[in-house]
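Colleague: The listed protein sequences derive, respectively, from chains A and B.
Heads up, the first sequence is in the working numbering, so the first residue is 498 and it goes up one at a time.
Heads up, the second sequence is in the working numbering, so the first residue is 16 and it goes up one at a time.
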Amino acid sequence: DTGVSQNPRHKITKRGQNVTFRCDPISEHNRLYWYRQTLGQGPEFLTYFQNEAQLEKSRLLSDRFSAERPKGSFSTLEIQRTEQGDSAMYLCASSRTENYGYTFGSGTRLTVV
Amino acid sequence: RKEVEQDPGPFNVPEGATVAFNCTYSNSASQSFFWYRQDCRKEPKLLMSVYSSGNEDGRFTAQLNRASQYISLLIRDSKLSDSATYLCVVNWSSNTGKLIFGQGTTLQVKP
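#1: Give the residues from the region 592-610 of chain A that approach chain B closer than 9 Å (Cβ to any Cβ), ordered along the chain.
#2: Alpha carbon to alpha carbon, what distance is there between serine 572 of chain A and isoleucine 86 of chain B?
#3: Residues of chain A with CB under 8 Å from isoleucine 115 of chain B, in chain order?
#4: Within 10 angstroms of the Cβ of aspartate 54 of chain B, are there 16 or more other Cβ atoms? Answer buried if so, exposed if not.
#5: For the beta strand (DSSP E) containing lysine 17 of chain B, name the first residue and the last one.
#6: Going by C-alpha distance, which of A:Asn548, A:Gln547, A:Arg533 is nearest glutamate 541 of chain A?
#7: Let me confirm a value: tyrosine 599 of chain A is counted as buried when at least 16 other C-beta atoms fall within 10 Å, else exposed. Which label applies?
#8: Under 7 Å between C-beta atoms, does proline 59 of chain B make it to chain A?
#9: Extract the residue ranges of the beta strand (DSSP E) inside the region 511-535 of chain A, only unbroken runs of 3 or more that lie entirely within it.
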């Protein structure tokens with residue numbers, strides 16, 4: 498069990514650029530979640546995968562955001578045409594079943610300048 | 016009404032003090048409840064699950080009141096290392112396991 502791995506740890510990008518983040522969940526976990534956290538707030542749900550199927554998306558996930566989990570293993574989160582309001586910590590988590598808490602990765606901190 | 020509400024604090028307490036955090040949630044269908052701990056600029060980590068009968072883990076005690084949709088966390092004999100943000104977390108959907116997080120309550124334990 499190597500934990501949940503996220504890359505990169507930090508990303509600084511100019512407004513209008515596209516960015517992509519990667520998450521590698523714990524290998525036996527079939528559920529994968531993306532959250533966004535800004536300073537002073539708790540994590541906000543973005544989207545959820547069970548295996549390769551994206552089963553739920555938050556209204557926070559505008560059409561500039563897309564997430565994939567092509568083979569039910571790692572996942573990517575892409576933000577197109579970044580805006581300053583996208584600056585946040587993007588957290589990935591995985592779990593084995595619906596009744597257990599998550600294991601989070603260390604997050605990707607995005608700064609849009 | 017927020018889905019999960021917590022007093023953000025901060026709670027400033029001396030070492031050795033007992034401190035309690037409370038949380039309310041709006042979804043009466045929620046089935047699973049947790050407390051997470053988050054250190055500054057780190058990811059949240061599961062502190063403990065919260066069971067209907069109440070549960071204890073060392074100096075930490077969690078309570079659930081389903082009728083009032085209320086969750087609490089009690090920390091006894093506070094240590095400097097307990098300084099962190101404590102997130103109240105509710106399982107919003109029994110199908111997806113989606114967790115909804117409160118804003119968090121900040122605890123500062125002073126020497």
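Where is the CB? At the ideal position from N, CA and C, for every residue including glycine.
Modeller: According to the structure shown:
#1: Ser592, Thr594, Glu595, Asn596, Tyr597, Gly598, Tyr599, Thr600, Phe601, Gly602, Ser603, Gly604, Arg606
#2: 33 Å
#3: Phe542
#4: exposed
#5: Segment: none, lysine 17 of chain B is in no beta strand (DSSP E) and carries neither H nor E.
#6: A:Arg533
#7: buried
#8: yes
#9: 516-521, 528-534
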